[in-house]
Amino acid sequence: MKKTFGALALLFLLGVLLVVASPSTGIKFGLGGDEWMKYRYTDQYYIDHGVEEVGGTNIVTDIVFDYRGYDTLGEATVLFTAIAGAVALLRPWRRDEDEE
Amino acid sequence: MGLIVKTTARATIPLIGIFGAYVVSHGHLTPGGGFQGGATIAGAGILFLIAFGFGEMKKRYDHHLYSALEGLGGLVFLGIAMLGMGVAFFYNTLWHSGPFFNGQPGTLLSAGYLPVMNLAVGLKVFAGLVSAMVAIAAYGRWRE
């Protein structure tokens, strides 16, 4: 009984989230009043203006290196940090040498 | 590894490298880009490491060279992004009013800083992934 109730509650929450997050019926936030959809869903803008504004015919590269350049910068930083962390964790520690 | 693996690796490593270089250099035209191509070339390096063993890799892997290459990739990325500083960070000034890399869209020498950035990111990812694999192989704690 408790399990059924829990599952039903989860389903209800999921349904509420689906309605709230849906573009046609959900809450509207961000810029723009009536034109909120234009500012929130920018994919068509990238497809229409990417070649003329950035120049690459590969729209994904246009987005990654121009429109979302800071994201790529952070991604490169994450890669560097991961390698630095791997080397710092894997290298022989002083305690290991004492034990041997 | 055995003879079959070594021979296969000898045959396929150059092809993998060429394919990765193609993915990097055509990153602004066809699917792919710096990250994916760099990972492909790093896959060639990892295949070398697995097929020929760590002893052979240690002879050919120079730690200072690879850390310099990774730093160079990151600095070129940032420096190219700084070029358009008159308008904004990451502004593609080479494409709008640059002396080069502003050809017809769809040709190799077009798209402003995108090819240079692809090369820089590819270099960075290749050097980083190969360094990570060599570090994992060098400091392995599972032997004995």
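Which chain is which? The protein sequence lines are A and B, in order. First residue of the first sequence: -10, per the numbering used here; consecutive thereafter. First residue of the second sequence: 155, per the numbering used here; consecutive thereafter. Heads up, the beta-carbon is just placed ideally off N, CA and C, and yes, glycines get one too.
Taking the Cα positions, PHE1 of chain A is about 11 Å away from VAL8 of chain A.
PRO185 of chain B reaches chain A at ASN47, VAL49, counting residues in chain order whose Cβ is nearer than 8 Å. Closer than 9 Å at the C-beta level to chain A, one finds these residues of the region 239 to 250 of chain B: PHE243, PHE244, TYR245, ASN246, LEU248, TRP249, HIS250. Assigned with DSSP and collapsed to three states, ASP216 of chain B falls in coil, not helix or strand.
Neighbours of PRO259 of chain B in chain A, taken as residues at a C-beta separation under 9 Å, are given in chain order as VAL40, GLU41, GLY44, GLY45, THR46. For VAL43 of chain A, same chain residues with a beta-carbon under 6 Å away, outside a window of 5 residues either side, are ASP51, ASP55 in chain order.
When the Cα atoms are used, TYR34 of chain A and ARG57 of chain A turn out to be separated by approximately 14 Å. With its beta carbon less than 8 Å from one in chain A, MET271 of chain B belongs to the interface. Distance check between LEU283 of chain B and each of A:ARG80, A:ALA65, A:LEU78, A:TRP82 places A:ALA65 closest, using alpha-carbon atoms only.
TYR293 of chain B reaches chain A at LEU79, ARG80, PRO81, counting residues in chain order whose Cβ is nearer than 7 Å. In this structure LEU223 of chain B is not in contact with MET211 of chain B, their Cβ atoms being roughly 16 Å apart against a cut-off of 8 Å. The three-state reading of DSSP puts GLN33 of chain A in helix, counting H, G and I together.
Where ASN272 of chain B is concerned, the enclosing alpha helix (DSSP H) starts and stops at 268 to 292. Residue-level contact check: GLY181 of chain B touches chain A, since one or more beta carbons of chain A fall below 8 Å from its beta carbon. Rounded to the nearest angstrom, the gap between the Cα atoms of VAL53 of chain A and THR162 of chain B is 36 Å.
The three-state reading of DSSP puts TYR59 of chain A in helix, counting H, G and I together.
Of the residues assessed, TRP249 of chain B falls on the buried side of the cut-off, its CB having 16 or more other CB atoms within 10 angstroms. Cβ-Cβ distances below 7 Å link LEU237 of chain B to THR247, LEU248, TYR267 in the same chain, with the five nearest sequence neighbours on each side left out; the list follows chain order. A direct Cα-Cα distance of roughly 20 Å separates THR166 of chain B from GLY276 of chain B.
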